[in-house]
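>
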Amino acid sequence: MQGSENLRDLFIYKALSDAQVQQYNELGYHRYGRILTDTGLQRMREECMAAWRADKGEFDPNKTWLHNALLVNIHHRSSVVRRYYFEGPLVDVAEQLLGPNIKGATSQLTFKMRGNNKPFHWHQDNGYGQLDPYNAISCLTALDHADVENGCLWIIPGSHLKGQVDVGAAGTAEAKKAWVEIKLDADETKALPMPLKAGECLFFHGWTLHKSEGNLSKDRDRRILFLRYADADAVEVYNNRAPRLGRLVRGTTKFPEVRAFEADLA
Numbered sequence: 001m002q003g004s005e006n007l008r009d010l011f012i013y014k015a016l017s018d019a020q021v022q023q024y025n026e027l028g029y030h031r032y033g034r035i036l037t038d039t040g041l042q043r044m045r046e047e048c049m050a051a052w053r054a055d056k057g058e059f060d061p062n063k064t065w066l067h068n069a070l071l072v073n074i075h076h077r078s079s080v081v082r083r084y085y086f087e088g089p090l091v092d093v094a095e096q097l098l099g100p101n102i103k104g105a106t107s108q109l110t111f112k113m114r115g116n117n118k119p120f121h122w123h124q125d126n127g128y129g130q131l132d133p134y135n136a137i138s139c140l141t142a143l144d145h146a147d148v149e150n151g152c153l154w155i156i157p158g159s160h161l162k163g164q165v166d167v168g169a170a171g172t173a174e175a176k177k178a179w180v181e182i183k184l185d186a187d188e189t190k191a192l193p194m195p196l197k198a199g200e201c202l203f204f205h206g207w208t209l210h211k212s213e214g215n216l217s218k219d220r221d222r223r224i225l226f227l228r229y230a231d232a233d234a235v236e237v238y239n240n241r242a243p244r245l246g247r248l249v250r251g252t253t254k255f256p257e258v259r260a261f262e263a264d265l266a
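According to my numbering, the stretch in the sequence shown is residues 1 to 266, in order.
1. Would you tell me roughly how many angstroms separate the C-alpha atoms of residue 26 and residue 156, rounded to the nearest one?
2. Starting from the Cα of residue 269, find the closest Cα among 177, 193, 128 and give me that residue.
3. Quick one: is residue 228 buried, meaning 16 or more other Cβ sit within 10 Å of its Cβ, or exposed?
4. Using only CA atoms, which one of 36, 21, 31, 20 lies nearest to residue 9?
5. Check whether the region 132-152 touches the region 185-201, taking contact to mean three or more Cβ pairs, one atom from each stretch, closer than 8 angstroms.
6. Could you tell me whether the Cβ of residue 211 comes closer than 8 angstroms to any Cβ of chain D?
7. Is residue 61 helix, strand or coil when you go by DSSP?
8. Ignore the nearest five residues each way along the sequence and tell me which others in residue 238's own chain have a CB closer than 7 angstroms to its CB.
9. Can you tell which of 57, 49, 215 has the C-alpha that lies nearest to the C-alpha of residue 77?
10. Is residue 168 helix, strand or coil by DSSP?
11. Tell whether a beta-carbon distance below 8 angstroms holds between residue 204 and residue 210.
12. Got a sec? Which residues, its chain only, sit under 7 angstroms from residue 84 by beta carbon, not counting five neighbours each side?
13. Can you tell me which of the three DSSP states residue 130 falls into?
14. Taking residue 153 as the reference, give the member of 160, 222, 207, 86 with the closest Cα.
15. Assuming the contact rule is C-beta atoms closer than 8 angstroms, residue 114 and residue 220 should be a hit. Round their C-beta distance to whole Å, please.
16. Apply the 10 Å Cβ neighbour rule to residue 105 and answer buried if 16 or more other Cβ atoms are within range, or exposed otherwise.
17. Going along the chain, which unbroken runs of the alpha helix (DSSP H) with 4 or more residues stay wholly within the region 129-213?
18. Starting from residue 247, trace the beta strand (DSSP E) in both directions and tell me its first and last residue.
19. From 96, 121, 57, 18, pick the residue whose C-alpha is nearest to that of residue 188; which is it?
20. Let me confirm a value: residue 24 is counted as buried when at least 16 other C-beta atoms fall within 10 Å, else exposed. Which label applies?
21. Distance, Cα to Cα, residue 181 vs residue 119?
22. In or out: residue 266 buried (at least 16 other Cβ within 10 Å) or exposed?
23. Buried or exposed: residue 240, going by 16 or more other Cβ atoms within 10 Å of its Cβ?
24. Go through its chain and collect everything with a Cβ distance to residue 233's Cβ below 6 angstroms, but skip five positions before and after it.
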């Protein structure tokens, strides 16, 4: 019966080695490899696509980039995403990289369906939602094979070591509400594509420069589940340093509003 599976029937758990943690710290990213079982991948596709079709319908080039690319809070719509977000392998990864106190900061679908040839320019995820401490991690789980043709991610290794890039007015609370796109200059010669097979995961530092090109495939979609984890006491710099609200997935927090947030969401 759906929803009754053991977590290990859905997800593949493995600890990072010391060498992998060091690589992440030096390069700003790490390929986890396969993270969803065949059952988990099938369930996630089914539940995510049911939510996507209900909200988005078919790809329409006349709609906004936001309509065509993003569906936020997907964990409210999918039980398998919710279990993955709250109890999956990435919580263990976050604890290894961030420490014992962790909250979920973002869950969304980031899709480039066939025909969507809009690029997403160079940016830092911490530019779109500046959190302090500055150690939040972004996690991309592929629901399809993603490669250069259909719009996989590109990363500049080591770019996180330069710290937070000032994006000016594009980093304000008003710009965030308006979904203003950030477009940073970057040295393209250092960029590497990050192809993923369906069911695999890539995670990277909130300061790591990355982009994606349009989906140029005629017959393949590029569907990604995007999750972000942060220190449980992380605050929103752009929002008068208010605590970022997100489900406490491990450890403790000094903020009662974080402790209570989505605590009853099973």
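Positions of the beta carbon are idealized from the N, C-alpha and C atoms, including for glycine.
Once the coordinates are examined:
1. The straight-line gap from Cα to Cα measures roughly 12 angstroms.
2. The question about residue 269 has no answer here: the residues shown for the chain are numbered 1 through 266.
3. For residue 228, the number of other beta carbons within 10 angstroms of its own is at least 16, and it is reported as buried.
4. Scanning 36, 21, 31, 20 for the CA closest to the CA of residue 9 turns up 36.
5. Flag = yes, the region 132-152 and the region 185-201 touch.
6. Any reference to chain D falls outside this structure, which holds one protein chain only.
7. Assignment of residue 61 by DSSP, reduced to helix, strand and coil, places it in the coil class.
8. Taken in chain order, the residues that qualify are 130, 171, 172, 173, 176.
9. Of 57, 49, 215, the residue nearest in Cα terms is 49.
10. Under the three-state reduction of DSSP, residue 168 is assigned to helix.
11. Result yes, Cβ atoms of residue 204 and residue 210 sit closer than 8 angstroms.
12. Same-chain partners within the cutoff: 11.
13. Residue 130 carries a coil assignment under DSSP once its states are collapsed to helix, strand and coil.
14. Comparing Cα positions, the closest option is 222.
15. So it is a contact: roughly 6 angstroms between Cβ atoms.
16. Residue 105 is buried by the Cβ-count criterion.
17. Complete alpha helix (DSSP H) runs here, min 4: 173-177.
18. DSSP places residue 247 outside any beta strand (DSSP E), giving it a letter other than H or E.
19. With distances taken between Cα atoms, residue 188 lies closest to 121.
20. Within a 10 Å sphere around the beta-carbon of residue 24 sit 16 or more other beta-carbons, which makes this residue buried.
21. Their backbone Cα atoms lie some 11 angstroms apart in a straight line.
22. By the beta-carbon neighbour count (other beta carbons within 10 angstroms, threshold 16), residue 266 is exposed.
23. Under the 10 Å beta carbon count, residue 240 is surrounded by fewer than 16 other beta carbons and is classified as exposed.
24. Spatial neighbours of residue 233 in its own chain (CB-CB distance under 6 angstroms, excluding positions within 5 residues in sequence) are listed in chain order as 253, 254.
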